[in-house]
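I have placed the structure first, in the form of structure tokens, so that the comments after it can refer back to it.
Residue numbers (our numbering), protein chains in the order written: chain G, 327 to 646; chain L, 327 to 646.
Printed below as a string of structure tokens:
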């Protein structure tokens, strides 16, 4: 196997220039309540306030910006039932590139509508009998589409790294940064920004307790594959890290932590009642892992990345 | 009756200096969805992200900052079951002034706890048999407390005006500004900032449909008193404008509009799902009145003041 050409911080810098004026520079918020709870100074990077409601727009727009003429003409294909689908559809519309999104036939109607609303052509598949990756690859081969995977791609990773770059440029050095971990795009991108801008900062990935493949992989030193986990953190239901994301996480991350669904619900409540912010369960992972670390974080400067805010209101109300 | 000495824009400027470093300079947010709905460029001033969750902190802190030595030593008294109580309690704590808050005996436990949490001494009364204004005045007379009313006070009005000042200084001239209207503190304060910084801007106050005493007063040219209105906009259940607020509103406001509870719920949903923001019903009044004015606002630059975000999650879920 030939060695991977991993993205570096210069790629994050280049991505930041490409997304400028298209992605929001999302606000960094603070909460006296959280500061008092932790005895620390906590800075929240609010990617729930990003376009289409999640950081995914950064990586998708960066990847599509790098298409050459032929790629642009033929179009992009992506498979996703969640934020990546909308991020690709919206980025493609902004760049005038045709987009095909492969979604499960039982995906929430709202998500299918949102993807179509951004101009994406939706192809449905049966998630119990068909393989979405195969469908994506077939479509790519047949029509000349370029496949952009949800996380394991250097341009996607570099784009996601711009969120932590903005955070560190806004607040300066941090002692610790907590980042939600699904497939690892956000965490590995963040790791490039952290090691360049605040090298001594402890960097933690956070997974749902029931879906700790990243933690297992980090500790075993190889990519561990798990069954699809049951958790309300639908953005982190990935079954394994990618080649690129695992290599960067192994190299730059200090530890991988976990949080339970009950902890995520408590954080959703805290965000809503104290900070007036709507955060999806996956977006709560960072804070959920930081709260029990009160002793270690005492007096520190702590960053928490809120990954997204796309939560169904009916479900939110059920959980609370 | 001697003529009122109305606050002027210079008082808003002075208030801005007093609250600097204590109140948040809340963010101004935009939403492509809302811009497309209205065919306009809409700027939201997010006072739901203010300290204690509402603009009320601005006026309370400004008023208490102006206390002399004797007033500081004796303390402040306020009557309120809502955001004003918490604003006075928090401001008093920050300034080292003792605070007594008169609250109805059936006020929500959460609000009583929050007020106590900020260090306020809570005195309860029976809202069906006792007069809170009388209790407040009695306490003031007996103990030498200074009474700070929730809206009809020059220093409170000047403090509330700092929100619109910040908005206009951030985004520049506006064609129209929509402001929630209860007792008129926020609207009359805003009117001073608007007439100074963007004199041609149309300024609208917005009330709940069932509690349109301000609209009646504006049109009749005198303060009209109504029965306590039934509405989910609990911050705008006031029964009449004040002497100061009415004088300023009459002078500077272009019209007073209304919104139904159903419209407020739709706006709460829109804020939550599209902008990931939690807004209390009263805070939705501005947007609720702007949305039906699509034709008039076409191509315009429109400001919307979100007054607060202190909404009970259980109630929110019930409404949605």
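In this text, a Cβ means the ideal position worked out from N, Cα and C, and glycines have one as well.
Since the model is a prediction, treat every value here as computed from it, not as a measurement.
> Interface residues of chain G around residue 353/L at Cβ under 8 angstroms?
Replying inline: Position 27 of the second chain, counting from 1, holds the residue named residue 353/L. Ordered by position in chain G, the residues that pass the 8 angstroms Cβ test against residue 353/L are 353.
> Helix, strand or coil: which one does DSSP assign to residue 600/G?
Replying inline: Along the first chain, read from residue 1 onward, the residue named residue 600/G stands at position 274. Residue state, collapsed to three classes: helix.
> Which chain G residues sit within Cβ distance under 9 angstroms of residue 374/L?
Replying inline: Locating residue 374/L in the second chain gives position 48, counting from the first residue. What residue 374/L touches in chain G: 602.
> Is it true that the CB of residue 426/G sits closer than 8 angstroms to the CB of residue 401/G?
Replying inline: Taking the first chain and counting its residues from 1, the one referred to as residue 401/G is at position 75. Taking the first chain and counting its residues from 1, the one referred to as residue 426/G is at position 100. Against a cut-off of 8 angstroms, the Cβ pair of residue 426/G and residue 401/G comes out as a contact.
>> Quick check: residue 626/G and residue 502/G, are their CB atoms within less than 8 angstroms of each other?
In response: To locate residue 626/G, count along the first chain from 1; it is residue 300. To locate residue 502/G, count along the first chain from 1; it is residue 176. Yes, the pair counts as a contact, with Cβ atoms nearer than the cut-off.
>> Suppose the cutoff is 8 angstroms on Cβ atoms and the five residues either side in sequence are ignored; what does the same chain contact list for residue 551/G look like?
In response: Residue numbering aside, residue 551/G sits at position 225 when the first chain is read from its first letter. Result list for residue 551/G: 539, 565 and 566, in chain order.
>> Taking CB distances under 8 angstroms as the criterion, tell me whether residue 379/G reaches chain L.
In response: Within the first chain, residue 379/G is the residue found at index 53, counting from 1. Output row for residue 379/G: interface = yes.
>> Any beta carbon of chain L sitting closer than 8 angstroms to that of residue 554/G?
In response: Start at 1 with the first residue of the first chain, and residue 554/G comes out as number 228. Not an interface residue.
>> Along the chain, where does the alpha helix (DSSP H) containing residue 385/G start, and where does it finish?
In response: Within the first chain, residue 385/G is the residue found at index 59, counting from 1. 382-391 is the span of the alpha helix (DSSP H), which, as asked, contains residue 385/G.
> Along the chain, where does the beta strand (DSSP E) that runs through residue 497/G open and close?
Replying inline: The residue given as residue 497/G occupies position 171 in the first chain. From DSSP, residue 497/G is part of no beta strand (DSSP E) but of the alpha helix (DSSP H) over 480-497.
>> Since residue 466/L and residue 441/L should fall inside the 8 angstroms C-beta cutoff, what is the C-beta to C-beta distance between them, to a whole number of angstroms?
In response: Working through the second chain from its first residue, we reach residue 466/L at position 140. Working through the second chain from its first residue, we reach residue 441/L at position 115. In fact, because the Cβ distance is near 18 angstroms, the residues do not count as touching under 8 angstroms.
> Is it the case that the Cβ atoms of residue 629/G and residue 493/G are separated by a distance below 8 angstroms?
Replying inline: The count along the first chain starts at 1 and reaches residue 629/G at position 303. The count along the first chain starts at 1 and reaches residue 493/G at position 167. In contact: residue 629/G and residue 493/G (Cβ atoms closer than 8 angstroms).
> Applying the criterion that 16 or more other CB atoms from any shown protein chain within 10 Å of the CB defines a buried residue, is residue 359/L buried or exposed?
Replying inline: On the second chain, position 33 is the one that residue 359/L refers to. The residue is exposed, with fewer than 16 neighbouring Cβ atoms inside 10 Å.
> Where residue 586/G and residue 532/G are concerned, what is the direct C-alpha to C-alpha distance, given to the nearest angstrom?
Replying inline: Here residue 586/G is taken as the residue at index 260 of the first chain, counted from 1. Here residue 532/G is taken as the residue at index 206 of the first chain, counted from 1. Answer to the nearest angstrom: the Cα atoms are 11 angstroms apart.
> In chain order, what residues of the same chain lie with their CB nearer than 7 angstroms to the CB of residue 541/G, ignoring the 5 residues before and after it?
Replying inline: Locating residue 541/G in the first chain gives position 215, counting from the first residue. So the list reads 533, 582 and 584, once near-sequence residues are dropped.
>> Suppose you measure from the CA of residue 418/L to the CA of residue 645/L; what does that come to, to the nearest Å?
In response: The sequence position of residue 418/L within the second chain is 92, counting from 1. The sequence position of residue 645/L within the second chain is 319, counting from 1. Each residue's alpha carbon lies about 34 angstroms from the other.
> Quick one, which of 387/G, 422/G, 472/G and 449/G has its alpha-carbon nearest residue 430/G's?
Replying inline: Residue numbering aside, residue 430/G sits at position 104 when the first chain is read from its first letter. Among 387/G, 422/G, 472/G and 449/G, the Cα nearest to that of residue 430/G is on 449/G.
>> Between which two residues does the alpha helix (DSSP H) holding residue 439/L run?
In response: For the purposes of this step, residue 439/L is identified with residue 113 of the second chain, where counting begins at 1. Taken as a continuous stretch (DSSP letters only), the alpha helix (DSSP H) holding residue 439/L covers 435-443.
> In chain G, which residues lie with their C-beta within 7 angstroms of the C-beta of residue 599/L?
Replying inline: By one-based count along the second chain, residue 599/L stands at place 273. Ordered by position in chain G, the residues that pass the 7 angstroms Cβ test against residue 599/L are 639.
> Quick one, which residues of the stretch 407-425 of chain L are near chain G if we go by CB-CB under 8 angstroms, in chain order?
Replying inline: none
> With distances taken from CA atoms, which of 480/G, 487/G, 573/G and 497/G is nearest residue 545/G?
Replying inline: Here residue 545/G refers to the residue found at position 219 of the first chain. When C-alpha distances from residue 545/G are compared across 480/G, 487/G, 573/G and 497/G, the shortest belongs to 573/G.
>> By the DSSP assignment, the alpha helix (DSSP H) with residue 400/L in it spans what residues?
In response: As a first step, residue 400/L is located in the second chain; it is residue number 74 there, counting from the start. 395-400 is the extent of the alpha helix (DSSP H) around residue 400/L.
> Under three-state DSSP, which class holds residue 464/G?
Replying inline: Taking the first chain and counting its residues from 1, one reaches residue 464/G at position 138. It is helical.
> Between which two residues does the beta strand (DSSP E) containing residue 372/G stretch?
Replying inline: Working through the first chain from its first residue, we reach residue 372/G at position 46. 367-372 is the extent of the beta strand (DSSP E) around residue 372/G.
> So residue 615/G packs on residue 504/G, CB below 8 angstroms; how close in whole Å?
Replying inline: Translated into positions along the first chain, residue 615/G becomes position 289. Translated into positions along the first chain, residue 504/G becomes position 178. Confirmed, Cβ separation roughly 6 angstroms.
> Quick one, are the C-beta atoms of residue 568/G and residue 555/G less than 8 angstroms apart?
Replying inline: Start at 1 with the first residue of the first chain, and residue 568/G comes out as number 242. Start at 1 with the first residue of the first chain, and residue 555/G comes out as number 229. For residue 568/G and residue 555/G, no; Cβs fall outside 8 angstroms.
> Mind checking residue 399/G: buried by the 16 CB within 10 Å criterion, or exposed?
Replying inline: As a working mapping, residue 399/G is identified with position 73 in the first chain. Residue burial is scored here from C-beta neighbours: residue 399/G has fewer than 16 other C-beta atoms within 10 angstroms and is therefore classed as exposed.
> Is it the case that the Cβ atoms of residue 516/L and residue 611/L are separated by a distance below 8 angstroms?
Replying inline: By one-based count along the second chain, residue 516/L stands at place 190. By one-based count along the second chain, residue 611/L stands at place 285. No, the Cβ-Cβ distance between residue 516/L and residue 611/L is not below 8 angstroms.
>> Rounding to the nearest angstrom, what Cα-Cα distance links residue 561/G and residue 369/L in this structure?
In response: One-based indexing of the first chain puts residue 561/G at position 235. One-based indexing of the second chain puts residue 369/L at position 43. Between residue 561/G and residue 369/L, the C-alpha separation is close to 30 angstroms.
>> Please tell me whether residue 392/L has its Cβ less than 8 angstroms away from any Cβ of chain G.
In response: Numbered from its first residue, the second chain carries residue 392/L at position 66. Not one chain G Cβ lies under 8 angstroms of residue 392/L.
> Quick one, which of 588/G, 510/G and 633/G has its alpha-carbon nearest residue 576/G's?
Replying inline: The sequence position of residue 576/G within the first chain is 250, counting from 1. Nearest option by C-alpha distance: 510/G.
>> Between residue 610/L and chain G, is the shortest Cβ-Cβ distance under 8 angstroms, so that the two count as touching?
In response: Translated into the one-based positions of the second chain, residue 610/L becomes position 284. Judged by the 8 angstroms Cβ criterion, residue 610/L is not in contact with chain G.
> Name the chain G residues whose beta carbon is nearer than 7 angstroms to that of residue 330/L?
Replying inline: Residue numbering aside, residue 330/L sits at position 4 when the second chain is read from its first letter. Chain G residues near residue 330/L: none, gap ~35 angstroms exceeds 7 angstroms.
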